[in-house]
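Residue numbers (my numbering): 150 to 468.
In structure tokens:
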């Protein structure tokens, strides 16, 4: 197999997104799509022409086959995916209230992805990647998934690979005390940490972003990129003063679901192209903006030419 730019591991599910606003009990029409933080990220990178590998456990069922087909269809290597005959692929429903106001109802307990374990991790495969990308969702799914994540970290660290970690805090999976005990040590082991503003404040138990950044830096985490929604991102890297990287305005945004994952794809694309960190964050902001343009997390994501045109202002994007 040829060298892989990025390898990621994590749960993918089938999403059913309500097509009207209101409580789910009143909704009869749904859009179905494949959804998971890590595959959203991988799809974003693959569309920009990078070689990505994604793996997980999927149920040996119709939804598992749909996840596999969709991700493979984006040109992503899925050769390490495991189909589990004894567990189901998870599903979730998205209840829409208004733009940027939605509730998610997950049905993932004992899912195939939660059964991933260290024995499913092939060190020789992981070592092929330039960058290993992981999120905080997987280690909170189960004890075995946490051990698998820790093994991924260990392999990457021993092999001198870059690790990009998005804490992706999910308090429906655990309480904040448990989340801190699992996620903060992983943040400290990472090359770059990409939290959202609100989750960073929660993890650091701070009311203000500046205080949270100071607390993170005191822990020895020196490459922090904080996603701040429509405002863009804040770079707090090395000894430099925290810097705001402005976001992009989007006309008629549709949905912000998955925007953080798409930011990660843009940021890592910049790393792979050896861009300055400010430009990496700008690329992240751009992919986050594209995410807002359609229902679903990756449906509107661009190819290289479309991204370049957007970044240079050579064309307007209106969807």
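Virtual Cβ for every residue (Gly too), placed ideally from N, Cα, C.
Kindly confirm or deny that the stretch 382-393 and the stretch 169-179 touch, where touching means at least three C-beta pairs closer than 8 Å.
-> no
Buried/exposed call for residue 339, threshold 16 Cβ in 10 Å | So residue 339 counts as buried.
In this structure, does DSSP put residue 391 in helix, strand or coil?
-> coil
Apart from the five residues just before and just after residue 435, which ones in its own chain have a Cβ nearer than 7 Å to its Cβ?
-> 397, 415, 456, 459, 460
What's the C-alpha gap between residue 362 and residue 226?
-> 36 Å
Secondary structure at residue 155, three-state DSSP: helix, strand or coil?
-> Collapsing the DSSP output to three states places residue 155 in a strand.
Rounded C-alpha distance that separates residue 205 from residue 159 = 6 Å
Alpha carbon to alpha carbon, what distance is there between residue 462 and residue 266?
-> 46 Å
With distances taken from CA atoms, which of 178, 372, 188, 331 is nearest residue 410?
-> Check the Cα spacing between residue 410 and each of 178, 372, 188, 331: the tightest is with 188.
Indicate whether residue 329 and residue 352 have their beta-carbon atoms separated by less than 8 Å.
-> In contact: residue 329 and residue 352 (Cβ atoms closer than 8 Å).
Take residue 163 and list the residues in its own chain whose beta-carbon comes closer than 6 Å to its own, dropping the five residues that flank it on each side.
-> Closer than 6 Å at the Cβ level, and outside the excluded window around residue 163, lie 212, 240.
Assess, as a yes-or-no matter, whether the stretch 170-184 is touched by the stretch 301-313 under the definition of 3 or more beta carbon pairs within less than 8 Å.
-> No, they do not touch.
Select from 392, 327, 186 the residue whose C-alpha is nearest the C-alpha of residue 314.
-> The option with the nearest alpha carbon to residue 314 is 186.
Drop a sphere of 10 angstroms on the beta-carbon of residue 157, count the other beta-carbons inside from all chains shown, and report buried for 16 or more, exposed for fewer.
-> buried
Check whether the stretch 207-221 touches the stretch 247-256, counting contact only when three or more Cβ pairs, one atom from each stretch, lie closer than 8 Å.
-> no
Reduced DSSP category for residue 366 - H, G, I as helix; E, B as strand; rest coil = Looking at residue 366 - three-state DSSP - the assignment turns out to be helix.
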